[in-house]
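Residues 54 to 1045 (the numbering used here) make up the sequence shown, in order.
Notes follow the structure.
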Amino acid sequence: MADILRVARKELASFFGSPVAYLFIGAFLAACLFVFFWVDAFFARNLADTRPLFDWMPLLLIFLAAALTMRLWSEERRAGTLEVLATLPVATWKLVLGKFLAALALVAVALALTLPLPVTVSILGPLDWGPVLGAYLATLLLAAAYIAIGLFVSARTDNPIVALIGATLLCVVFYLIGSPALTGLFGHGAGEVLRLFGTGARFESITRGVIDLRDLYYYLSLTAVFLALCIDSLERLRWAADSAQRAGHHRWTLVTVLAAANLIAANLWLQQLGTARADLTEGQRYTVSEATRTYLEQLQEPLLIRGYFSAETHPLLAPLVPQLRDLLREYEVVGGPNVQVEFVDPATSPELEREAGEQYGIRPVAFQTASKYQAGVVNSYFDVLVKYGDQFETLGFQDLIEVKVQGETDLDVRLRNPEYDLTRTIKKVLYGYQGGGDAFAGIGEPIRFRGFVSPAATLPEPLPALREDLEAVLTELAAEANRGGEERLTWDIVDPDQDPALAQEIDERFGFQPLVLGLLDPQPFYFYMVLEQGERAVPVPLPEGLDKASLERAIEAGIKRFAPGVLRTVALYTPDPPAPAMPGMPQAAGPGYTLLKDTLREGFALRETDLASGQVPEDADLLMVVDPSSLDAAQRFAVDQFLMQGGTVMVAAAQFDVDLTGREITAAPAQTGLDDWLAAQGVTLEQALVMDPQNTPFPIPVPRRVGGFTVEEIQTLDYPYFPDVRADGLSEATGITANLGQITMNWTSPITLGGDASAERTVTRLIESSPDAWTSASPDMQPDFEQYGRLGFPVGEERGRQLLAVMVEGRFESAFAGERSPLLPAADAADETGDGADAASGDAAADLAADSPTEPADDEAETPVISTVVEHSPPSARLMVIGSDSFLSDTAISLATEATQSRYLKPLEFVQNAVEWSLEDRGLLALRGRGQFSRLLEPVSRQQRIFWEYLNYALAAIGLGLVYWLHRLLRRRRERALAAMLQADTGRRAPA
């Protein structure tokens, strides 16, 4: 080892003793900085990663490694010093390793000088250091392989130029083997084999942050093979033509060939080991998580995961197939016998292709491709089927990939978040299958049904028959639940009129008070239902259809709320689209919430409702009200009573409606109909919008004077009405926002909390603006840069954090407490109002009466309205208020997508997190948000961008100068040591 280090030090000294090292390091740094800031436009990408630094490394190192190694042996041969080296008492392999380590050390020094780039990224955004460490390791391994190739070629010639060209061509061959330019000519099967031997393909695998034993061994074996060939070439030069040791020479050659063959064969053998790897990414993005393992452990039946991948596909999709295959194999290993993974090419199996199309709706997609000679269209499959029992879901290429636009023709295509996409699909089919079977499947502790119902003799029609139906339904459900001897459901029905203590208890605990039909039938009665499990209680609302089937559905929906493996139901209110300006004209454009609805359908059963009946759908687990528009009394009552029954209500509303359809951005005050109701719960949406200097750019029409004329042009500029909320404004106390990272809140009204909001309740401030934000009540949304400078708007005097989203949990008081239900007939309500009822009740009755149909004829049967006011909620009720509705609209998401040049789904992730957190089904919270393009840079001004760019240029120059200074310092120290040794030797000889 000492001989190897001495050779390495000698070579390093020769590198730094001439301009070679400084030219190499300077060229390397210049190329890296140019690619990082100019070619890949780091700031325009707006992503907190270092891919621009390493994407070009496989090509860049080819030329630099060839230039570095071209003289190492060829110059020795040309100068005749190789014969001197051959006579030294140092083995040839030690000389080769010494030169190899010297060249690799020089590359390591050059790489170390690029460290300011990832440090800069980490300052400007949430950098994941795992892929950075993986990329540096991959670069060193790649450099080692290229240096070994260069040493081998240099040993074969005495001409440095020939060595340069030969090493470059050989390295290019290894790069092209796994490149899309070559693999695209073959199917993904053959292309995958080629990628096994490509230096670039293996490099990309490690730069993801996954250190795979197969990739490490590939680079080490490639390095070892060419070092062995280099040693063999040098040994051959030592052999005389008429040597008597030809047998030994043949053995040496045979050993070298066998060693190289074994190293290559081991690469093929190791491909079957898919689990020998280390995931360095934050949160272990490429490793099957505990959440996935939890869902796979719930499987009782075989789960089929089938990948449909065509041999002929788009070249940008082909490299993603091996990544999906490796991940699905991990699912198979984790799931054991309950998970079956298959990969098929429908083009080779007509039966499977027909089955995919007819049963699962999987059909090929036409992709445009272009080669050197022609452009064409290829019909290809890139789909995954997940099937469990009679439930199945499919994932197409649009569900699996994420695209980042880097230029007019440059696309960066990666798997979006494959584990999340697969696991949430598995969860959906699993819960859908379990929910369609035994309603008691997965329920641990027994459930107790408590009915607080008056005797049939005191109930108005048709409730006596409904009471009999209730007993029949409970008897049937108890028989089903308790089958097998295990008691999972008990029930009892009691009359609170006979037990004043019970009547007081249910009033205090659930807000249940006696019901009455009206003044014409003032007889009070009870008809309430509650499901209990331990300390948890879920009120069961009286169904709108007063029949046995509706009653059974309502009770089963309540039971399923206790089951951990049942698909949850979300009731969603969105406004009706605007009516056309004139009859016959096209429908006016509205905000649209198609993406929100599609996202909710991915993981939940979605029920769209207009709340006009005054009730939330009976099977709803959560109510989401987005962009409420002039809600009437019945709609407000539906929201109120759902919360009072212990449900979760999410409200996304703002105090301004923003219009983007004209030439200018305009805003008008919004009439939500929920302002008073929210104020009664201690939450107020202010009549203003939040403005923040930390914001997301927005394409804005800006007037500009040209030659005496005013023209409008679209510019992407800072827009204070789009607060860009980062980690410091996202609550770490809840999983809703802890892993979100960033979110843009468009046109958001600030939220203030009254004293009632925090009294006996838990308040979580989910989203807050930056400390420099302010509010504005101006309806002028158009910036004026001439008058107000860079921001385009006046800056408010009072600045500070503004609350943008909040969650309140605990006991709420109904806004309708002490009033009659607005669902009761208008005449009754009006009579009650005339007797001195609250004015709000009269207004509610008037609102309802205005829309009421004419009274039916006496001979027509009319179902009486059974409605009362639950005056307070249990402590499990949750209210979440978001000061913006536009941030969930299709328009806002498309604008953010345009600004980031990738699909911007943070608002939808926030809603999914909120729904799952509220429903206590939080398995996917840790997986969501792991998207490839989810880490964005902090908003910085143009001056700051220039500062950081030129600072990196300066640090690179300083680093190069520091290397020169260290070399000179070490050289002087070595010279002084040698001079001291010479003096000591001269002193010893002088007396003699």
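Built from N, CA and C at the ideal position, the CB exists for glycine as well.
In this text the structure is predicted, and so the values were computed from the model without any measurement.
Neighbourhood of residue i by C-beta, 8 angstroms cutoff - its chain only, sequence neighbours within 5 removed
{"i": "isoleucine 57", "result": "Lys147, Leu150, Gly151, Leu154"}
{"i": "proline 508", "result": "Asp548"}
Cut-off 7 angstroms between Cβ atoms - residues of its own chain near residue i, not counting five sequence neighbours on either side
{"i": "tyrosine 15", "result": "Lying before the first or after the last residue shown, residue 15 is absent from the chain, which here runs from 54 to 1045."}
{"i": "arginine 1027", "result": "none"}
{"i": "glutamate 991", "result": "Leu177, Gly178, Arg779"}
{"i": "proline 906", "result": "Here the model assigns proline 906 a pLDDT of 42, short of 50, so the residue's position is not dependable, and the following value carries that caveat. None."}
{"i": "aspartate 560", "result": "Gln566"}
{"i": "alanine 945", "result": "Asn799, Ser939"}
{"i": "isoleucine 115", "result": "Tyr199, Thr221, Cys224, Val225, Tyr228"}
{"i": "alanine 49", "result": "Because the chain in this structure spans residues 54 to 1045, residue 49 falls outside the shown range and cannot be described."}
Contact belief for residue i with residue j at Cβ below 8 angstroms, rounded distance in angstroms
{"i": "valine 678", "j": "serine 939", "result": "The pair is not a contact, with the Cβ atoms about 15 angstroms apart (cut-off 8 angstroms)."}
{"i": "serine 286", "j": "phenylalanine 205", "result": "7 angstroms"}
{"i": "phenylalanine 250", "j": "isoleucine 264", "result": "About 19 angstroms; that fails the 8 angstroms criterion."}
{"i": "asparagine 792", "j": "leucine 978", "result": "7 angstroms"}
{"i": "leucine 159", "j": "leucine 121", "result": "7 angstroms"}
{"i": "tyrosine 486", "j": "aspartate 443", "result": "7 angstroms"}
{"i": "threonine 662", "j": "tyrosine 646", "result": "In fact, because the Cβ distance is near 14 angstroms, the residues do not count as touching under 8 angstroms."}
{"i": "serine 363", "j": "tyrosine 270", "result": "That belief does not hold up - the Cβ atoms of serine 363 and tyrosine 270 are roughly 30 angstroms apart, past 8 angstroms."}
Nearest residue (CA-CA) to residue i, options the options
{"i": "isoleucine 999", "options": "Ala94, Ile78, Thr401, Phe68", "result": "Ala94"}
{"i": "tyrosine 413", "options": "Asn391, Asp398, Thr447", "result": "Thr447"}
{"i": "valine 923", "options": "Ala119, Gln694, Gly782, Gly538", "result": "Gln694"}
{"i": "phenylalanine 68", "options": "Ala1032, His1020, Ile176", "result": "His1020"}
{"i": "glutamine 566", "options": "Ala870, Glu365, Ile479, Leu333", "result": "Ala870"}
{"i": "glutamate 866", "options": "Ala732, Ile804, Glu973", "result": "Ala732"}
{"i": "serine 829", "options": "Gln840, Arg814, Gly842, Glu851", "result": "Glu851"}
{"i": "tryptophan 800", "options": "Ala786, Gly782, Ala705", "result": "Ala705"}
{"i": "leucine 659", "options": "Ala665, Glu671, Gly667, Arg248", "result": "Glu671"}
{"i": "aspartate 777", "options": "Gln795, Thr787, Leu1035, Val569", "result": "Gln795"}
{"i": "serine 831", "options": "Asn748, Phe751, Ile718, Ala786", "result": "Ile718"}
{"i": "alanine 534", "options": "Lys613, Gly976, Arg124", "result": "Lys613"}
{"i": "arginine 1024", "options": "Gly70, Arg59, Val60", "result": "Gly70"}
{"i": "leucine 620", "options": "Val593, Leu65, Arg975", "result": "Arg975"}
{"i": "glutamate 129", "options": "Leu157, Asp102, Asn212, Tyr189", "result": "Asn212"}
{"i": "glutamate 813", "options": "Ser929, Ala868, Val88", "result": "Ser929"}
{"i": "threonine 103", "options": "Trp126, Arg59, Thr192, Phe77", "result": "Thr192"}
Per-residue DSSP class, three states only, for residue i
{"i": "serine 829", "result": "strand"}
{"i": "aspartate 379", "result": "helix"}
{"i": "serine 683", "result": "coil"}
{"i": "aspartate 710", "result": "strand"}
{"i": "tyrosine 137", "result": "It should be pointed out that residue 137 corresponds to valine in this sequence rather than to tyrosine. Here valine 137 sits in helix by DSSP."}
{"i": "tyrosine 361", "result": "strand"}
{"i": "asparagine 966", "result": "helix"}
{"i": "tyrosine 1049", "result": "Only positions 54 to 1045 of the chain appear in this structure, which leaves residue 1049 out of reach."}
{"i": "tyrosine 957", "result": "coil"}
{"i": "phenylalanine 615", "result": "coil"}
{"i": "threonine 340", "result": "coil"}
{"i": "methionine 798", "result": "coil"}
{"i": "histidine 367", "result": "coil"}
{"i": "glutamine 1036", "result": "helix"}
{"i": "tryptophan 544", "result": "strand"}
{"i": "phenylalanine 69", "result": "helix"}
{"i": "isoleucine 264", "result": "strand"}
{"i": "glutamate 561", "result": "helix"}
{"i": "arginine 289", "result": "helix"}
{"i": "alanine 510", "result": "helix"}
Sequence-distant residues of the same chain with beta carbon closer than 6 angstroms to residue i, five excluded per side
{"i": "glycine 360", "result": "Phe396, Val437"}
Residue i Cβ short of 7 angstroms to the ligand PLP heavy atom set
{"i": "isoleucine 789", "result": "Ligands displayed in this structure: none; no statement on the ligand PLP is therefore possible."}
Problem - the region 508–527 contacting the region 374–394, beta-carbon criterion three pairs below 8 angstroms - result: Taking 8 angstroms as the limit for Cβ pairs, the verdict is that the region 374–394 does not touch the region 508–527.
Exercise for the section: Examine the Cβ distances between the region 262–280 and the region 309–322 and report whether three or more of them are shorter than 8 angstroms. Expected result: Yes: the two stretches touch, three or more of their Cβ pairs being nearer than 8 angstroms.
Handout entry: Given 8 angstroms, three or more beta-carbon pairs between the region 859–867 and the region 930–947
Key = Because the criterion of three Cβ pairs below 8 angstroms is met, the region 859–867 and the region 930–947 touch.
Exercise for the section: Assess, as a yes-or-no matter, whether the region 646–656 is touched by the region 957–976 under the definition of 3 or more beta carbon pairs within less than 8 angstroms. Expected result: Yes, they touch.
Problem - Cβ pair count under 8 angstroms reaching 3, the region 166–185 against the region 133–144 - result: The region 166–185 vs the region 133–144: no contact.
Practice task
Indicate whether the contact test is met: 3 or more Cβ pairs, each with one atom in the region 190–197 and one in the region 337–344, closer than 8 angstroms.
Solution key: With a cut-off of 8 angstroms, the region 337–344 and the region 190–197 do not count as touching, because too few Cβ pairs lie within range.
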